[in-house]
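Residue numbers for the sequence shown follow this note's numbering, so the first one is 28 and each next one is one higher. Working notes, structure below.
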Amino acid sequence: MDQPKEWIVIADSHLGAGPGDLEPILALILKTPAKERGLIFLGDLFHIWAGPRKFHTLEVSTLMAALTEFQGRGGQVRLVMGNRDALLEETQLGGPGFEGLPFDRIAQENDQIETPSGSILLAHGDLVNQLDQRYLRWRAVYRSAWFRWAFTLLPKKKAQKIMVGLEAKLKGTNLHFKLEFPWPQWEHWLETQVRFWAPRLILVGHFHPEQLIETKLGTTTALVIPDWLNSRCYLWVKEDLSYEVCHFTP
């Protein structure tokens, strides 16, 4: 499959958080020209969900069907795992997928896309603030192999009940860290990524800013993208790696 020249990037859609929130993103997927523009999800695809098909709700199954149709039209779909995407395993582009889910690439931490105009680094953003140790400890357990193994043995209803409880705990972790954007930690994280990856563009979600946050470091531009959940906005990355925040109206 040829790599698309452009990308539609969606951060923090948190689908399932409210009634009727699935229809707009389904409409966006349907309207996207699959061979020209790929889809990138920067994590927290659903309010909370587990990857294995045995745990899928109707909302998850409906979105997976729409993404499968998008792939059938020649589209590419990439997912960077967030803190609400559970029990997924990393997969490589062109390799075997995870349980047949419609993602050409699943990245647990960072993903990188090489283009003729430079590379794009993708991250959810939950590792930016290293001061939030309580969350980081919670994340280590949540992402551990033993947690995945134990959870997949559970019946569907029991697992869904636990997922609801996990969401409540996640929502309550260190609220004071969520009140304002962590600029010092962001700048330190950004310097590390630029030194290691040397990308032209860095795309991050997680922080739910009302407006696009843009930071330049040398030849790198780093963006924190507004969440789809509250804004119905996505980032359109063009072939030359210029970009535009777009508000979707069905």
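Just so it is clear, CB atoms sit at the ideal spot from N, CA and C, and this is done for glycine as well. What you are looking at is a predicted structure, and each value in this text was computed from that prediction instead of being measured.
Asked                                                                                                       : Found
P277 versus P51 - alpha carbon distance                                                                     : 6 Å
Proximity to V14 [Cα-Cα], best of E33, E63, G152, P226                                                      : This structure leaves residue 14 out entirely; the chain is present only between 28 and 277.
Beta bridge counterpart(s) of R105 as assigned by DSSP                                                      : I67, R132
Proximity of Q103 and E117 at Cβ, strictly below 7 Å                                                        : no
Selection from L53, N156, E271, Q119 that minimises the alpha carbon distance to T95                        : L53
S40 classed as buried or exposed, judged by whether at least 16 other C-beta atoms fall within 10 angstroms : buried
Nearest-angstrom Cα separation, counted from V168 out to L193                                               : 12 Å
Through-space distance from D48 to S258, alpha-carbon basis                                                 : 12 Å
Through-space distance from K185 to A225, alpha-carbon basis                                                : 44 Å
Distance between R227 and L158 (C-alpha atoms, nearest Å)                                                   : 27 Å
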